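Chains L and Y, in that order, give the protein sequences.
Using numbering that gives the first Met the number 0, read the first sequence as starting at 0 and increasing by one per residue.
Using numbering that gives the first Met the number 0, read the second sequence as starting at 0 and increasing by one per residue.
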Amino acid sequence: MSAVVVTDLVREFVVRRSTGRLRRDKQVIRAVDGISFEIALGDAVGYIGANGAGKSTTIKMLTGILVPTAGTVQTLGLDPVSRRRELARGIGAVFGQRSQLWWDLPLGESFRILAALHELREWQPRVAQLVERLELGDFLRTPVRQLSLGERMRGEVAAALVHSPALLVLDEPTIGLDVLSKEKLRVFLREERTNHGTTLLLTTHDMTDIERLCDRVLVVDKGRLAYDGTLTGLAATMGAERVLVVDLVEPRAALSDIPGTRLLSVEGGGLRQRLAFTTSAAAVLAAVADRCEIRDLTLEEPDIDDVVRKLYARGGR
Amino acid sequence: MADAYRALLGARLRAQTSYRASFALDLLANVGIGLLEFCEIYVIFHNIDVLGGLDWQEALLVFALSNIAFSLADLGFGHLDELPRYLRAGTLDAMLLRPLPLLGQLVTSDISLRRLGRTAIALVVLAYALPTAVADWTPAKLLLVLVTPIAGAAVFAALFVCAAALQFWLVDGGEVANAFTYGGSYVSQYPSSVLHVLLRSFFTFVVPASFVAYLPTLVLLDRSPPTGLPAALGWCAPLAAMAMSVVAAAWWRQGIRHYTGAGG
Numbered sequence: 000m001s002a003v004v005v006t007d008l009v010r011e012f013v014v015r016r017s018t019g020r021l022r023r024d025k026q027v028i029r030a031v032d033g034i035s036f037e038i039a040l041g042d043a044v045g046y047i048g049a050n051g052a053g054k055s056t057t058i059k060m061l062t063g064i065l066v067p068t069a070g071t072v073q074t075l076g077l078d079p080v081s082r083r084r085e086l087a088r089g090i091g092a093v094f095g096q097r098s099q100l101w102w103d104l105p106l107g108e109s110f111r112i113l114a115a116l117h118e119l120r121e122w123q124p125r126v127a128q129l130v131e132r133l134e135l136g137d138f139l140r141t142p143v144r145q146l147s148l149g150e151r152m153r154g155e156v157a158a159a160l161v162h163s164p165a166l167l168v169l170d171e172p173t174i175g176l177d178v179l180s181k182e183k184l185r186v187f188l189r190e191e192r193t194n195h196g197t198t199l200l201l202t203t204h205d206m207t208d209i210e211r212l213c214d215r216v217l218v219v220d221k222g223r224l225a226y227d228g229t230l231t232g233l234a235a236t237m238g239a240e241r242v243l244v245v246d247l248v249e250p251r252a253a254l255s256d257i258p259g260t261r262l263l264s265v266e267g268g269g270l271r272q273r274l275a276f277t278t279s280a281a282a283v284l285a286a287v288a289d290r291c292e293i294r295d296l297t298l299e300e301p302d303i304d305d306v307v308r309k310l311y312a313r314g315g316r
Numbered sequence: 000m001a002d003a004y005r006a007l008l009g010a011r012l013r014a015q016t017s018y019r020a021s022f023a024l025d026l027l028a029n030v031g032i033g034l035l036e037f038c039e040i041y042v043i044f045h046n047i048d049v050l051g052g053l054d055w056q057e058a059l060l061v062f063a064l065s066n067i068a069f070s071l072a073d074l075g076f077g078h079l080d081e082l083p084r085y086l087r088a089g090t091l092d093a094m095l096l097r098p099l100p101l102l103g104q105l106v107t108s109d110i111s112l113r114r115l116g117r118t119a120i121a122l123v124v125l126a127y128a129l130p131t132a133v134a135d136w137t138p139a140k141l142l143l144v145l146v147t148p149i150a151g152a153a154v155f156a157a158l159f160v161c162a163a164a165l166q167f168w169l170v171d172g173g174e175v176a177n178a179f180t181y182g183g184s185y186v187s188q189y190p191s192s193v194l195h196v197l198l199r200s201f202f203t204f205v206v207p208a209s210f211v212a213y214l215p216t217l218v219l220l221d222r223s224p225p226t227g228l229p230a231a232l233g234w235c236a237p238l239a240a241m242a243m244s245v246v247a248a249a250w251w252r253q254g255i256r257h258y259t260g261a262g263g
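Right, here's the structure in full:
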């Protein structure tokens, strides 16, 4: 069984706008326009795209909130709309923009209610585990409305996992979080996946989320699937360059003669030089080491935001 | 499933009673609303002796039965008029991701105990009006007094559900919906005989507000309804409630279908 199978998925919305005092125009917008993909159990997939590309609409169809206009969806082997309640037991969902917790009750109370909703018998060990690993202990008795955003988001993630779902859907889980909170959340999600084989499907605008969490990326643009593959593959497809930054022991003239590279900048009178390349980092490094003594170096991975932007630009017009 | 609802309800009740001062004020405010409604009917009878064929005590009976029914329905279902807010905030989507029916979750999401304040006033009025207005008691009449408020509450609950279902189509149509729920409640606390025959028929057979209090009261008083309607209609509150519930359930299902985009 696959976690998600989507075939030729289409979703249209009718938008009405007034064009005169009484006249109104009907316009059909295709938010999702013939998307097909499959996610195996245990996969971690990033679903990315610009605002309005059709990400949330797809997620809503996968979880049974929206009915497809055409095409088929199977989530955990079930038809999401007709088997919504059954499916709910197998899915956990975190929406960064909206809370699933009871805002006027202590956080711990939300877990208790969710356990009752899912008719779990032995839920205390699971909640205790989540509380420990997401470090919720300090504010378990605090009403949700008084929590900071970071605390609340950790609470949301725990709430989505109380019933140990096979599929965890995360819609912008790190939005608005500071760097440290983001990283903690990512570390937790990776552990969760390793320990429980949880399938992850996440939408995000933060490319670090994708780099850290996902093996596979789906890029959706204007309702169509623009790319399906690995993140490195995405960078390669778009001819994205990596950048080697070398700090030299002694200043040296510009390293403009290294094969397969493009010199980006020379700083500190030749002490620091930046080289862009698409081939192997080892070959470039060896070529530089042949010419001078290296004190330190860093490797900059391609900026995926740029890559995706390029992809949109290419696919769009 | 019963455990799940108990957990949801318990959480709601705890949340309300944990802010005691605010809860006490809310309760008091609702007693106030009940008293104001009572003042209105008091002022009317201060100026006239008979309204729609009923005297003061008899009219109070209609008032009490209607208010008990409405306040009970309001307690359980009144917050359904918050549906547009839930739609905007995405609360509804969160509910759709839980393994319970949506309506059940909505009903248990915001039970407001403060509304019992109005029930209390209505019960006091009932206790005053019943012995003075009703002359000869039979077991059947006793049964009617017990069943009518429950059936009436079901009628109003169904109206609340219909009004809420309407919100799936109307963005911000809260006021239209209120016309049926609160309007129905207002009509039901007065003898329907004061209404024009068209309006009276509407509030009997379309929005069954007359069944909630006026028609059963006529049975209690051994009177027959005006315009030749059968007296047995006074016993039909449970039937009206059932019919209304069927309509409400079907309408609600259509509303959900519209929301998820399956039809309409």
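Cβ coordinates follow ideal geometry from the N, Cα and C atoms, glycine included.
What you are looking at is a predicted structure, and each value in this text was computed from that prediction instead of being measured.
- Each residue's CA atom was taken as its position, placing Lys221(L) and His195(L) some 34 angstroms apart.
- Scanning Ile34(L), Arg16(L), Leu21(L), Val72(L) for the CA closest to the CA of Val3(L) turns up Val72(L).
- Judged by DSSP secondary structure, Thr107(Y) falls outside any beta strand (DSSP E) and instead within the alpha helix (DSSP H) spanning 101-108.
- For a Cβ distance threshold of 9 angstroms, nothing in chain L lies close to Asp109(Y): the least Cβ distance comes to about 10 angstroms.
- Cα atoms of Pro98(Y) and Val161(L): separation of roughly 14 angstroms, rounded to the nearest angstrom.
- A contact is defined here as three or more CB-CB pairs under 8 angstroms, and the region 61-76 of chain L fails this definition with respect to the region 95-112 of chain L.
- Between Val154(Y) and Pro229(Y), the C-beta spacing is not below 8 angstroms.
- The straight-line gap separating the alpha-carbon atoms of Thr202(L) and Gly182(Y) is approximately 46 angstroms.
- His204(L) has a beta carbon lying at 8 angstroms or more from every beta carbon in chain Y.
- The region 16-27 of chain Y and the region 95-114 of chain Y touch, with three or more beta-carbon pairs separated by less than 8 angstroms.
- Between Ile67(Y) and Leu125(Y) the beta-carbon gap is near 7 angstroms, inside 8 angstroms, which marks them as a contact.
- Thr207(L) and Glu191(L) have their C-alpha atoms spaced approximately 18 angstroms apart.
- Within chain L, the residues placing a beta-carbon under 8 angstroms from that of Asp92(Y) are Lys59, Ile64, Phe94, Arg97, ordered along the chain.
- Within 7 angstroms of the CB of Gly260(Y), the CB atoms of chain L belong to Leu65, Val66, in sequence order along the chain.
- Contact residues of the region 111-141 of chain L toward chain Y are Arg111, Ile112, Leu113, Ala114, Ala115, Leu116, His117, Glu118 (C-beta to C-beta distance below 9 angstroms).
- For Leu95(Y), the closest Cβ of chain L is nearer than 8 angstroms.
- Counting only the Cα atoms, Val219(L) lies some 15 angstroms from Glu171(L).
- Annotation for Pro142(L): Asp103, Leu104, Pro105 place their beta carbon closer than 7 angstroms to its own, counting only its chain and skipping 5 residues before and after.
- Residues of the region 67-89 of chain L with a C-beta atom less than 9 angstroms from some C-beta of chain Y are Pro67, Thr68, Val80, Arg83, Arg84, Glu85, Leu86, Ala87, Arg88, listed in chain order.
- Within the same chain, and ignoring the five residues on either side of Lys59(L) in sequence, the residues whose Cβ sits closer than 7 angstroms to its Cβ are Leu65.
- Within the DSSP bridge table, the entry for Gln272(L) names Val245(L), Val265(L) as partners.
- Beta-bridge partners assigned by DSSP to Asp25(Y): none are found.
- Here Asn50(L) is exposed, its C-beta having fewer than 16 other C-beta atoms within 10 Å.
- By the Cβ-count criterion, Asp205(L) is buried, with 16 or more other Cβ atoms from all chains shown falling within 10 Å of its own Cβ.
- For Ile255(Y), there is no enclosing beta strand (DSSP E); the enclosing alpha helix (DSSP H) has its first and last residue at 236-259.
- Interface annotation, Asp103(L): in contact with chain Y, CB-CB separation under 8 angstroms.
- Put simply, the region 60-75 of chain Y touches the region 207-222 of chain Y. At least three CB pairs are less than 8 angstroms apart.
- Residue burial annotation: Gly233(Y) is buried, with at least 16 other C-beta atoms found within 10 angstroms of its C-beta.
- Beta-bridge partners of Pro142(L) (DSSP): Pro105(L).
- Neighbours of Glu108(L) across chain Y, judged by C-beta separation under 9 angstroms: Ala10, Arg13, Ala14.
- Non-local C-beta neighbours of Gly268(L) in its own chain, meaning closer than 6 angstroms and more than five positions away in sequence, comprise Pro250, ordered along the chain.
- Excluding five sequence positions before and after Ala252(L), the CB atoms of its chain that fall closer than 8 angstroms to its own CB belong to Gly269, given in chain order.
- The Cβ of Ala88(Y) sits closer than 8 angstroms to at least one Cβ of chain L.
- When the Cα atoms are used, Phe202(Y) and Arg22(L) turn out to be separated by approximately 35 angstroms.
- At a cut-off of 8 angstroms between C-beta atoms, Pro83(Y) does not count as an interface residue with respect to chain L.
- Rounded to whole angstroms, Leu262(L) and Val93(L) show a C-alpha spacing of 44 angstroms.
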